Amino acid sequence: MKRVLSGIQPTSDSFHLGNYLGAVKQWVELQDGHDAFYCIVDLHALTVETDPALLRKRTLASAAQLLALGISPEKSTLFVQSQVPQHNQLGWIMECLTGFGEASRMTQFKDKSSKAGADSARVGLFTYPMLQAADILLYQADYVPVGEDQRQHIELTRDLAGRFNSRYGQTFQLPEAYILKTAAKINDIQEPTAKMSKSSGSVAGVIEIMDSPEANLKKIKSAVTDAGREVKFDPIEKPGISNLLTIHSALSGSSISALEGEFAGKGYGDFKAAVAEVVVEYLRPIRAAALELLEDEKHLLDILHQGSQKAGAVAQETISATYKNLGVVL
Ligand code: TYM
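Under this note's numbering, think of the first position of the sequence shown as 1, with each following residue one higher.
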């Protein structure tokens, strides 16, 4: 069976629709027929200032949401990154393999550090992609289901794996990014040329899984639309409508062209009401299931501990092979 690995940061109280459509929906689909490892990457979340109580709460909320969205602990290994210390062990080796210039070219680092101001950006933000490479390579993953914004990090991971293999002997599987064409980048519904984002999005532009149905209904009805009145997929001229068409299509399963046909001659108002209905009804049972799961913390912790044990066993095999090939005395 092919191996799949992906990760998500517990940096907010709720995942948003971009996280789900760009990544987690594919995680759920890939559980069948693949050996899947899904990781809540809490160490990655430390690259920005964190409050201890919030980190704990958000890690558990992440687990509850992933389960509610359809990740099954019977089919997948769901775990917390910090519970598997091999991530840090391999992370260091990846840092020692990466050129300073190469790391400086990572666009996420450039964006985030320029927002934080070069002096206040953490060193951890700079080395973040090397820890991500370790996350992937530890599990010898074949596929990494992510949104478009992670493509460059997966490319770096492949480069590092290839470099290590050619210097020290075959050790790592070269992973492939698994990025859907249709939902690789969901945009902010208030600023539809920018990515929907936990860190930089406007509150009104980000549709959160844990938001109340009423709040999401209101947000979508106030989504920014474009000039003209035709419901047509045209990301350049109509970024707002195109983004809403993408969201509707991904959740309802109707094709974009079928939706264009359905709303021909109707205005943006009718279309937004239909998108709101689809999103709210899709998320309603998911939010309810996540809230219920959060009531039994012990159950969540049991699932995560079991996952971390399984992940740790696989990770240890890779670390042992890596150390051996590096010449570390074992
Ligand atoms: P994170 O936590 O920012 O996002 C989790 C996943 O959601 C995707 N995503 C989006 N997809 C489409 N449209 C959007 N607007 C959108 N916003 C987010 C991301 O591409 C991602 O797949 N570095 C990673 C976490 C990570 C990881 C890994 C991923 C750490 N280690 C190993 C894969 C493999 C990140 O910050 O994702």
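Where is the CB? At the ideal position from N, CA and C, for every residue including glycine. This one's a predicted model, so the numbers in the text were calculated from it and none came from an experiment.
ask   = Is there contact between the stretch 187-196 and the stretch 55-73, where contact requires at least three CB pairs shorter than 8 Å?
value = With the cut-off at 8 Å, the stretch 187-196 and the stretch 55-73 do not touch.
message = Need the endpoints of the alpha helix (DSSP H) that Phe37 sits in, please.
response = The residue given as residue 37 occupies position 37 in the sequence shown. First-last for Phe37: Asp35 to Ile40, but that is the beta strand (DSSP E), not the alpha helix (DSSP H).
message = Ignoring anything shorter than 3 residues, give me the beta strand (DSSP E) runs that lie fully in the stretch 51-119, in order along the chain.
response = Within the stretch 51-119, complete beta strand (DSSP E) segments of at least 3 residues are found at 76-80, given in chain order.
query = Which class does Ile8 belong to by DSSP, given the choice of helix, strand or coil?
reply = Counting from 1 along the sequence shown, the entry for residue 8 is found at position 8. If DSSP states are grouped into helix, strand and coil, Ile8 belongs with the strands.
inquiry  = Between Phe271, Lys219 and Thr322, which has its C-alpha nearest His16's C-alpha?
reply    = Position 16 of the sequence shown, counting from 1, holds the residue named residue 16. Of Phe271, Lys219 and Thr322, the residue nearest in Cα terms is Lys219.
ask   = Any chance the CB of Ser82 is under 7 Å from a heavy atom of the ligand TYM?
value = Here residue 82 refers to the residue found at position 82 when the sequence shown is read from its first residue. Exclusion of Ser82 from the 7 Å shell around the ligand TYM follows from its C-beta lying no nearer than that to any non-hydrogen atom of the ligand.
query = Out of Tyr168, Tyr268, Gly267 and Glu292, which has the shortest C-alpha to C-alpha gap to Val328?
reply = The residue you call residue 328 lines up with position 328 of the sequence shown. With distances taken between Cα atoms, Val328 lies closest to Tyr168.
Coil, strand or helix - Lys218 by DSSP = Numbered from its first residue, the sequence shown carries residue 218 at position 218. Three-state result, Lys218: helix.
request  = Could you have a look at Val144 and say whether DSSP puts it in helix, strand or coil?
outcome  = In the sequence shown, the residue the question calls residue 144 occupies position 144. Strand at Val144.
message = Helix, strand or coil, according to DSSP, for Arg287 in the structure here?
response = Residue 287 sits at position 287 when you count from the first residue of the sequence shown. Helix at Arg287.
query = Taking 7 Å as the cut-off, is the CB of Val275 close to at least one heavy atom of the ligand TYM?
reply = Taking the sequence shown and counting its residues from 1, one reaches residue 275 at position 275. False, no ligand heavy atom lies under 7 Å from that Cβ.
message = Quick check: does the Cβ of Ala184 come within less than 7 Å of any heavy atom belonging to the ligand TYM?
response = In the sequence shown, residue 184 corresponds to position 184, counting from 1. For the ligand TYM, at least one heavy atom lies less than 7 Å from the Cβ of Ala184.
query = With a cut-off of 8 Å, do at least 3 Cβ pairs link the stretch 257-270 to the stretch 280-299?
reply = Under the three-pair Cβ rule at 8 Å, the stretch 257-270 does not count as touching the stretch 280-299.
task = Keeping to the same chain, check which residues put their C-beta closer than 6 Å to that of Lys2; ignore five residues upstream and five downstream.
result = Taking the first residue of the sequence shown as 1, we reach residue 2 at position 2. Excluding sequence neighbours, Lys2 sits near His34 and Asp142.
query = To the nearest angstrom, how far is it from the Cα of Gly70 to the Cα of Val28?
reply = Position 70 of the sequence shown holds residue 70. Position 28 of the sequence shown holds residue 28. When rounded, the separation of the alpha-carbon atoms in Gly70 and Val28 is 6 Å.
query = According to the Cβ coordinates, are Pro192 and Val231 closer than 8 Å?
reply = Locating residue 192 in the sequence shown gives position 192, where the first residue counts as 1. Locating residue 231 in the sequence shown gives position 231, where the first residue counts as 1. Pairing Pro192 with Val231 gives a Cβ-Cβ distance that is not under 8 Å.
inquiry  = One question on the structure: do Ile207 and Ile286 come within less than 8 Å of each other, judged by their Cβ atoms?
reply    = Translated into positions along the sequence shown, residue 207 becomes position 207. Translated into positions along the sequence shown, residue 286 becomes position 286. No, these two residues do not count as a Cβ contact at 8 Å.
ask   = Name the DSSP beta bridge partners of Asn187, please?
value = Your numbering for residue 187 matches position 187 in the sequence shown. Asn187 pairs with Lys195.
key: Distance, Ile303 Cα to Asp111 Cα   = One-based indexing of the sequence shown puts residue 111 at position 111. One-based indexing of the sequence shown puts residue 303 at position 303. Going from the Cα of Asp111 to the Cα of Ile303 covers about 35 Å.
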